[in-house]
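In the working numbering, the protein residues as written are 1 to 328. Structure record follows, encoded as structure tokens.
Rendered as structure tokens:
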């Protein structure tokens with residue numbers, strides 16, 4: 001560290017602050033230190049640091065549902081931000097988020113000596129199991145649709161559903177049908193609530209939503225029944241993959257989008273702009289959610305507190321799958 005400080009022309013304390021991810025260092029000083037680190041090939045002795053600071057610079061991550069786009073992108077954001085802050089990560093991925101499995105995952109990470117734990121908990125079962133844990137280290141959860149707080153990072157799922165539904169209402173559709181996600185997922189329930197609330201405020205009937213399982217295949221199968229039986233002019237779909245299936249069902253039935261049917265998705269997956277037609281959808285920054293989880297748990301590790309931030313808000317990406325309703 002002495003050599004890094006000498007080459008960068010700064011104090012050892014400044015080098016330490018940069019290496020520890022301290023945000024109160026100017027960009028100019030940070031760049032000088034990082035250049036010196038690269039030039040010298042400097043590597044910190046984490047074992048020695050742990051003896052001095054009682055920190056291992058190691059975070060544990062427990063994930064549920066990483067086959068889905070949102071949790072997988074949040075995990076990507078966690079990994080990148082942890083690395084940028086100088087932390088290693090250990091991952092435990094669960095299929096069944098019951099209390100026993102969650103406790104076992106937690107104990108595994110604690111045995112690894114992690115400084116803090118992040119839980120990506122997109123389902124009600126995962127959230128419930130996490131609430132009862134005694135972690136003994138700082139713990140932060142990502143819970144879609146929850147209230148942002150000391151141990152919780154969230155984004156405003158209900159606002160996203162309200163915005164998507166209101167977009168279709170503003171286009172003059174008599175009502176908006178909903179192809180929802182599976183029961184037990186926090187995002188599914190929050191998006192249903194936002195959709196139903198918006199229709200109620202507009203004085204429009206809310207037909208009971210039909211549920212898929214997040215996959216394009218379920219969007220196609222459920223979508224066929226929805227289009228043939230309910231004959232909607234507008235559908236808000238709980239994610240983009242199911243919206244893709246619905247578009248295929250509409251094409252097979254000879255229903256033109258957006259002339260006869262408007263469709264809004266959710267998540268703005270990278271492929272959504274290449275659907276036929278390109279999909280109007282709600283954009284959610286899952287990477288930012290992951291970054292906030294890391295920053296939150298590090299603040300808890302070092303200071304026992306966090307700095308309040310606005311909830312991550314989704315926003316509409318208008319494309320070619322929605323149009324004004326023309327009364328026949």
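The beta-carbon is built from N, C-alpha and C at its ideal position, and this holds for glycine as well.
Taking buried to mean at least 16 other C-beta atoms within 10 Å of its own C-beta, is residue 183 buried or exposed? On the chain shown, position 183 is the one that residue 183 refers to. Its Cβ having fewer than 16 others within 10 Å, residue 183 is exposed.
With a threshold of 16 other CB atoms inside 10 Å of the CB of residue 48, please say whether the residue is buried or exposed. Numbered from 1 along the chain shown, position 48 holds the residue referred to as residue 48. Its pLDDT being 44, under 50, residue 48 is placed unreliably by the model, and nothing is read from it.
Could you check if residue 276 is buried or exposed, using at least 16 other CB atoms within 10 Å of its CB as the buried criterion? In the chain shown, the residue the question calls residue 276 occupies position 276. The residue is exposed, with fewer than 16 neighbouring Cβ atoms inside 10 Å.
For residue 16, the first and last residue of its enclosing alpha helix (DSSP H): Taking the first residue of the chain shown as position 1, residue 16 is located at position 16. Its alpha helix (DSSP H) spans residues 12 to 19.
Quick check: what's the CA-CA separation for residue 175 versus residue 315? Translated into the one-based positions of the chain shown, residue 175 becomes position 175. Translated into the one-based positions of the chain shown, residue 315 becomes position 315. For residue 175 and residue 315, the distance between alpha carbons rounds to 21 Å.
May I have the straight-line CA-CA distance separating residue 128 from residue 285, to the nearest angstrom? As a working note, residue 128 is residue 128 in the chain shown. As a working note, residue 285 is residue 285 in the chain shown. C-alpha separation (whole angstroms): 24 Å.
On a Cα-Cα basis, can you pick out the residue from 244, 204 and 30 that is closest to residue 173? The residue labelled residue 173 in the question sits at position 173 within the chain shown. Checking every option, the nearest Cα to that of residue 173 belongs to 204.
In whole angstroms, what is the alpha-carbon distance linking residue 50 and residue 58? Locating residue 50 in the chain shown gives position 50, counting from the first residue. Locating residue 58 in the chain shown gives position 58, counting from the first residue. Bear in mind that a pLDDT of 45 at residue 50, under 50, signals an unreliable position, so the number given afterwards is only what the model happens to contain. When rounded, the distance between both Cα atoms is 10 Å.
Residue 258 and residue 161: beta carbons closer than 7 Å? Taking the first residue of the chain shown as position 1, residue 258 is located at position 258. Taking the first residue of the chain shown as position 1, residue 161 is located at position 161. Taking 7 Å as the Cβ cut-off, residue 258 and residue 161 do not qualify as a contacting pair.
Ordered along the chain, which non-local residues of its own chain (more than five positions away) have a Cβ less than 7 Å from that of residue 305? In the chain shown, residue 305 corresponds to position 305, counting from 1. Taken in chain order, the residues that qualify are 299.
Uninterrupted alpha helix (DSSP H) stretches inside the region 198 to 245 (no shorter than 4 residues): 216 to 229
Residue 269, DSSP secondary structure in three states: Taking the chain shown and counting its residues from 1, one reaches residue 269 at position 269. Residue state, collapsed to three classes: coil.
Nearest to residue 313 (by Cα), restricted to the options 296, 327, 319 and 287: Here residue 313 refers to the residue found at position 313 of the chain shown. Per the Cα distances, 287.
Short of 6 Å in beta carbon distance, which residues of its chain neighbour residue 62, apart from the five on each side in sequence? Order them along the chain. Translated into positions along the chain shown, residue 62 becomes position 62. Answer for residue 62: 92, 105 and 119, listed in chain order.
List the endpoints of the continuous alpha helix (DSSP H) containing residue 130. Residue 130 sits at position 130 when you count from the first residue of the chain shown. Unbroken alpha helix (DSSP H) run through residue 130: 124 to 131.
State the start and end residues of the unbroken alpha helix (DSSP H) segment that holds residue 319. Position 319 of the chain shown, counted from the start, is the residue given in the question as residue 319. Taken as a continuous stretch (DSSP letters only), residue 319 belongs to no alpha helix (DSSP H), as it is neither H nor E.
Could you tell me the distance, in whole angstroms, from the CA atom of residue 90 to the CA atom of residue 10? As a first step, residue 90 must be located in the chain shown, where it is residue number 90. As a first step, residue 10 must be located in the chain shown, where it is residue number 10. Near 33 Å, if we compare the C-alpha coordinates of residue 10 and residue 90.
Measuring CB to CB, does residue 65 end up less than 7 Å from residue 138? Translated into the one-based positions of the chain shown, residue 65 becomes position 65. Translated into the one-based positions of the chain shown, residue 138 becomes position 138. Not closer than 7 Å, so no.
Counterpart residues of residue 280 in DSSP-defined beta bridges: The residue labelled residue 280 in the question sits at position 280 within the chain shown. Its beta-bridge partners are 264.
In whole angstroms, what separates the C-alpha of residue 75 from that of residue 141? Position 75 of the chain shown, counting from 1, holds the residue named residue 75. Position 141 of the chain shown, counting from 1, holds the residue named residue 141. Inter-residue distance for residue 75 and residue 141 is about 12 Å (C-alpha atoms, whole angstroms).
What is the residue span of the beta strand (DSSP E) that residue 91 lies within? Position 91 of the chain shown, counted from the start, is the residue given in the question as residue 91. Here the beta strand (DSSP E) through residue 91 covers 88 to 94.
Per the DSSP calculation, residue 59 is bridged to which residue(s)? Taking the first residue of the chain shown as position 1, residue 59 is located at position 59. In DSSP, residue 59 forms a bridge with 89 and 116.
Run through DSSP, which three-state label would residue 152 get? Sequence index remark: in the chain shown, residue 152 carries index 152 (1-based). Three-state result, residue 152: strand.
Could you pull the start and end residues of the alpha helix (DSSP H) that residue 39 belongs to? Here residue 39 refers to the residue found at position 39 when the chain shown is read from its first residue. Residue 39 -> alpha helix (DSSP H) spans 27 to 40.
Around the Cβ of residue 239, are there at least 16 other Cβ atoms within 10 angstroms (buried) or fewer (exposed)? Here residue 239 refers to the residue found at position 239 of the chain shown. Flag for residue 239 reads buried.
Determine the contact status of residue 268 and residue 301, defining contact as a CB-CB distance below 7 Å. Counted from its first residue, the chain shown places residue 268 at position 268. Counted from its first residue, the chain shown places residue 301 at position 301. Not a contact, by the Cβ cut-off of 7 Å.
Taking only three categories from DSSP, how would you classify residue 158? The residue labelled residue 158 in the question sits at position 158 within the chain shown. Of the three classes helix, strand and coil, the one that applies to residue 158 here is helix, per DSSP.
Below 8 Å on the Cβ atoms is my guess for residue 265 versus residue 245; work out the distance and round it to an integer in Å. Residue numbering aside, residue 265 sits at position 265 when the chain shown is read from its first letter. Residue numbering aside, residue 245 sits at position 245 when the chain shown is read from its first letter. About 11 Å; that fails the 8 Å criterion.
Within 10 Å of its beta-carbon, does residue 52 have 16 or more other beta-carbons around it, so buried, or fewer, so exposed? Along the chain shown, one-based indexing puts residue 52 at 52. Interpretation of residue 52 is limited by its pLDDT of 44, a score under 50 that renders its predicted location unreliable; the figure taken from the coordinates is listed afterwards. Label assigned to residue 52: exposed.
For the beta strand (DSSP E) that residue 177 lies in, which residues bound it at each end? Here residue 177 refers to the residue found at position 177 of the chain shown. 177 to 180 is the span of the beta strand (DSSP E), which, as asked, contains residue 177.
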